[in-house]
Every structure is written in structure tokens, then in C-alpha cells.
Amino acid sequence: MASKATPATPAPASKGKAPMPPRTLDEEMKDVESSDSDDDAAELAKKLKKTHRDMARMQDAFNNNAAEVTRLQQMIQQNPERAQLMALQQEVNTLRAAANIITTPHHDGREKLRLNSPQAFDGTPGQLKGFLTQVRAYQRFHGMSFKDEAEKVIHAASFLKGRALAWFEPHLTDFMTNEWDGLKSETQLIFQGYHGFEKALLSLFQEPDEQRQYERDLANLRQKGAATHYAAEFRRICARLDYTNATKIFLFYEGLKEDIKDELSKQDRLDDFLQYAELAVKIDNRLFKQRKEKNKKQAPANSRRKGNNWQNNQNRNSTAYRHHSGPIDLSIAQRDNKARDFKCYNCDKPGHIARECQQPKKQQFQPVPEKSRQINIASKDIPHASLS
Numbered sequence: 086m087a088s089k090a091t092p093a094t095p096a097p098a099s100k101g102k103a104p105m106p107p108r109t110l111d112e113e114m115k116d117v118e119s120s121d122s123d124d125d126a127a128e129l130a131k132k133l134k135k136t137h138r139d140m141a142r143m144q145d146a147f148n149n150n151a152a153e154v155t156r157l158q159q160m161i162q163q164n165p166e167r168a169q170l171m172a173l174q175q176e177v178n179t180l181r182a183a184a185n186i187i188t189t190p191h192h193d194g195r196e197k198l199r200l201n202s203p204q205a206f207d208g209t210p211g212q213l214k215g216f217l218t219q220v221r222a223y224q225r226f227h228g229m230s231f232k233d234e235a236e237k238v239i240h241a242a243s244f245l246k247g248r249a250l251a252w253f254e255p256h257l258t259d260f261m262t263n264e265w266d267g268l269k270s271e272t273q274l275i276f277q278g279y280h281g282f283e284k285a286l287l288s289l290f291q292e293p294d295e296q297r298q299y300e301r302d303l304a305n306l307r308q309k310g311a312a313t314h315y316a317a318e319f320r321r322i323c324a325r326l327d328y329t330n331a332t333k334i335f336l337f338y339e340g341l342k343e344d345i346k347d348e349l350s351k352q353d354r355l356d357d358f359l360q361y362a363e364l365a366v367k368i369d370n371r372l373f374k375q376r377k378e379k380n381k382k383q384a385p386a387n388s389r390r391k392g393n394n395w396q397n398n399q400n401r402n403s404t405a406y407r408h409h410s411g412p413i414d415l416s417i418a419q420r421d422n423k424a425r426d427f428k429c430y431n432c433d434k435p436g437h438i439a440r441e442c443q444q445p446k447k448q449q450f451q452p453v454p455e456k457s458r459q460i461n462i463a464s465k466d467i468p469h470a471s472l473s
């Protein structure tokens, strides 16, 4: 009887790991996210450590400030007068900090833009708008330095002097010494916002009838030198007025010199004032160069003619050249004096004068009396021929 066939046993597996089945896309994405999470966790740990260090430094600074406050409180209790001095010093430091902003580096490594402080304002009406413009520009670029509107007002007021400071000083004293509810109404209007401060200044120190004054200045403006200077002054005044291009061109033309007007009349009319003013400046520069070249060509002939005229005038002005009066030619007079031999009137000898002469003095002529003269004439013999 044939034996039953036994089933074949499977071959023993080879030593080593069995091959892994292929992974799905979701499984691979989870592994990537896990690795990214590890990197983020490391970066977050670094930031947390840095934040912890910063907080520790801030805590130390806070503790130091608290200790300083405690020390100051004890000092105030012991010496009230010194406390007042310290309060005044703190106010001064606040004003200085507002006026002189310390530059700090930006996050991109650049240094913060630093503007010059505004010019002081003493109450002169014509300077008020320029002063307010400078203050606004300064505070805009240093806006982070001001905590509130009141600090902006105090900063702007630190540049007042003269009459302007005399007006503001009582309001500043009121603001520094009293609570808000106890302030005067005008002080509240000034310190509740920077615009209130500007409005108060404008109401007091703005030039009366400023607009009409600018109109008069522009109408009376005339070109006296280069057209460049005239155009600059014209544009400066025009910046204060709301004039159309046509009005500006008309007034600008009226103030120009006649030779520039003649040249402009030959050109095509321009509707833009800035282009018109630029054209007038070019014409003025061209005319100036032409006059300069013309003067250079005429200069040599004029200089020769002037030299000859000067020599002729010198000769004609001399007394040796003409008979009527004029400056004495000393060279001729000196030559004549040297050629002349001086003689004494007493002895008629050269070498000395009469008052130094050692010879007996000559008999000086004396007038004969009238009666003696008649007797002498009568006693003289009269010729016979004269009697016939």
C-alpha cells in the first residue's frame, strides 16, 4: 500500500531581515513633518532661552529702579527742599531729552535720521510759519520720542524766547504745578493737543493782513540784478499765494528788464510759469554773455585812446604849455633858479643879499617935498628954444 505523500515543508528563511513593504505617501509626509518639528523646537528653545535672559535683565533693572525709588522716598522725607530741587532737575532733563534726541540704530543696522533742532522763535510775525514748519518736521521724524501731545507742546516751547516765551511761561508754570482739573481754560486748550499750541501762537504772533502784504510785495517786485535772483525771489513770494499760471506769468513779465521783455516777445507763448521763468533766465544769461564779449572787443582801442588823452591833458595843464593859469611846472622853475646868479642890491656883488652886506649902505631914495620941488624947477635954467 503506498504511503501518503507528506506536504512539502517550506524552505527555511534566509538569515537577515525580511524586505520592508513600500511606504505610502502619507507615511513619508509624517516623517518629514516630524523632522521639521524637531528643527522648529530647537529654534524655539533658543528663542525662549534668549527671552529668559532678557527678562532676567529687565527684572534686575526693575529691582534696581525699585531700590532707587525707595532711597529717593527716604531722602524726600528727610530733606523736602532737596526733593524740590530734584523735581526741578527732572523737569530740566525732560526738556533736554525732548530737544536733543539720542540716535538709536534701526533694525536694519542703519542709524536713525537726525534732524537739526528748529531755530528759536522770539515773536517776530514773519518768522512764525517757518518756525512751526521746522517743529512739525522734527517731531514727525522723532515721533517715537514723545509720549503724548503735552510732551510735543513742551518740546516746541523749549525753542521760544523773547516775547513768545514771556507769553508761554505762565501757562507752562500752570501746567507744571497744578492738576488737569485745576488748570486755566487757556492752559488746557494749549496742552490738550499740539494743534491748540499752534493755534494760540498764530492768534498772537501771525502778521496781520499777511496775504495782502504778500500780494503787494509781488506786485512791486522788479528785476534789479540777474534774472536768476529775480526769479528766486518771485517764486518765494508766490509760494504764499494761490495764483494761477497766467497770473504768475503776467506779474513776472511786468517786473523783468526791458531787453528781456523784448526777447520774450519774440518767443512762442508758454502756459507753464516755471518754464516761462526758466526761459527768461536763459535769455538774461545769453544777453549778459553778449555784452561781456562786446566789451572785451572794445577794451583795447579805448585803453589806447585813454592813454593818449591822458598824456595830452598833462601837457595842456602845464604852465609851460599854455598861458592861462594852471599847475606850475616845478622842473622848469627849478632850472631857472639854478641858472640865475643872485647879486647883492647894495654892492652889486654875488654871494650874499643886501641885509648881509658889509659895505656901507647906499643912500636910500626919499621923496622930495612939493614946495622944494617947485623951487628947484624955478631955479633951473630954461633953454631958449623952449621959450620961443
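The sequence shown begins at 86 in my numbering and counts up one residue at a time. Yeah, the Cβ is synthetic: ideal placement off N, Cα and C, and Gly gets one too.
Within the same chain, show all residues whose beta-carbon is closer than 7 Å to that of residue i, passing over the 5 residues directly before and after it, in chain order.
{"i": "Gln212", "result": "Phe206"}
{"i": "Arg248", "result": "Asp207 and Gly208"}
{"i": "Gln39", "result": "Outside the modelled stretch of the chain, which goes from 86 to 473, sits residue 39, for which no answer is possible."}
{"i": "Arg138", "result": "none"}
{"i": "Lys428", "result": "Lys434 and Pro435"}
{"i": "Trp252", "result": "Leu289"}
{"i": "Ile186", "result": "Bear in mind that a pLDDT of 47 at Ile186, under 50, signals an unreliable position, so the number given afterwards is only what the model happens to contain. Excluding residues within five positions, the ones whose Cβ falls inside 7 Å are His227 and Ser230."}
Can you tell me which of the options puts its alpha carbon nearest to the alpha carbon of residue i?
{"i": "Arg225", "options": "Ser350, Arg199 and Gln144", "result": "Arg199"}
{"i": "Lys246", "options": "Met143, Gln159, Gln444 and Thr209", "result": "Thr209"}
{"i": "Glu292", "options": "Lys351, Gly215 and Asp356", "result": "Gly215"}
{"i": "Gln219", "options": "Glu234, Pro203, Gly228 and Arg320", "result": "Pro203"}
{"i": "Asn263", "options": "Lys374, Phe276 and Tyr328", "result": "Phe276"}
{"i": "Glu295", "options": "Ala304, Arg325, Lys269 and Ser270", "result": "Arg325"}
{"i": "Asp327", "options": "Glu300, Leu349 and Gln352", "result": "Glu300"}
{"i": "Ala235", "options": "Pro255, Met261, His227 and Tyr223", "result": "Met261"}
Tell me the residue span of the alpha helix (DSSP H) that contains residue i.
{"i": "Leu274", "result": "Ser270 to Phe276"}
{"i": "Gln296", "result": "Glu295 to Asn305"}
{"i": "Gln219", "result": "Leu213 to Phe226"}
{"i": "Thr332", "result": "Asn330 to Glu339"}
{"i": "Ile345", "result": "Glu343 to Ser350"}
{"i": "Trp252", "result": "Gly247 to Thr262"}
{"i": "Phe282", "result": "Tyr279 to Phe290"}
{"i": "Thr313", "result": "Ala312 to Cys323"}
{"i": "Ile235", "result": "Residue 235 is actually Ala in this sequence, not Ile. Here the alpha helix (DSSP H) through Ala235 covers Glu234 to Ala242."}
Keeping to the same chain, check which residues put their C-beta closer than 8 Å to that of residue i; ignore five residues upstream and five downstream.
{"i": "Glu283", "result": "Leu217"}
{"i": "Leu257", "result": "Ile239 and Ala242"}
{"i": "Gly194", "result": "Low per-residue confidence applies at Gly194: pLDDT is 47, beneath 50, and the placement is therefore not dependable, though the value from the model is reported in the following sentence. The answer is none, since no qualifying residue turns up."}
Confirm, please, whether the CB-CB distance from residue j to residue i is below 7 Å.
{"i": "Phe358", "j": "Asn330", "result": "yes"}
{"i": "Lys237", "j": "Tyr279", "result": "yes"}
{"i": "Ala312", "j": "Asp347", "result": "no"}
{"i": "Phe337", "j": "Phe319", "result": "yes"}
{"i": "Asp302", "j": "Ile322", "result": "yes"}
{"i": "Leu274", "j": "Gly281", "result": "yes"}
{"i": "Leu250", "j": "Asp259", "result": "no"}
Give me, in chain order, the residues of the same chain whose beta-carbon lies closer than 6 Å to that of residue i; leave out the 5 immediate sequence neighbours on both sides.
{"i": "Ala93", "result": "Low per-residue confidence applies at Ala93: pLDDT is 49, beneath 50, and the placement is therefore not dependable, though the value from the model is reported in the following sentence. The answer is none, since no qualifying residue turns up."}
{"i": "Cys432", "result": "Cys442 and Gln444"}
{"i": "Lys423", "result": "Caution is warranted here: a pLDDT of 49 is assigned to Lys423, below 50, making its placement in the model unreliable, and the coordinate value is therefore given only provisionally. Once the five neighbours on either side are set aside, Lys423 has no close Cβ partner at all."}
{"i": "Gly228", "result": "none"}
{"i": "Leu355", "result": "Tyr361"}
{"i": "His61", "result": "Since the first residue of the chain shown is 86 and the last is 473, residue 61 is not available in this structure."}
Quiz item: Does the count of Cβ pairs from the region 333-345 and the region 363-377 closer than 8 Å reach three?
Solution: yes
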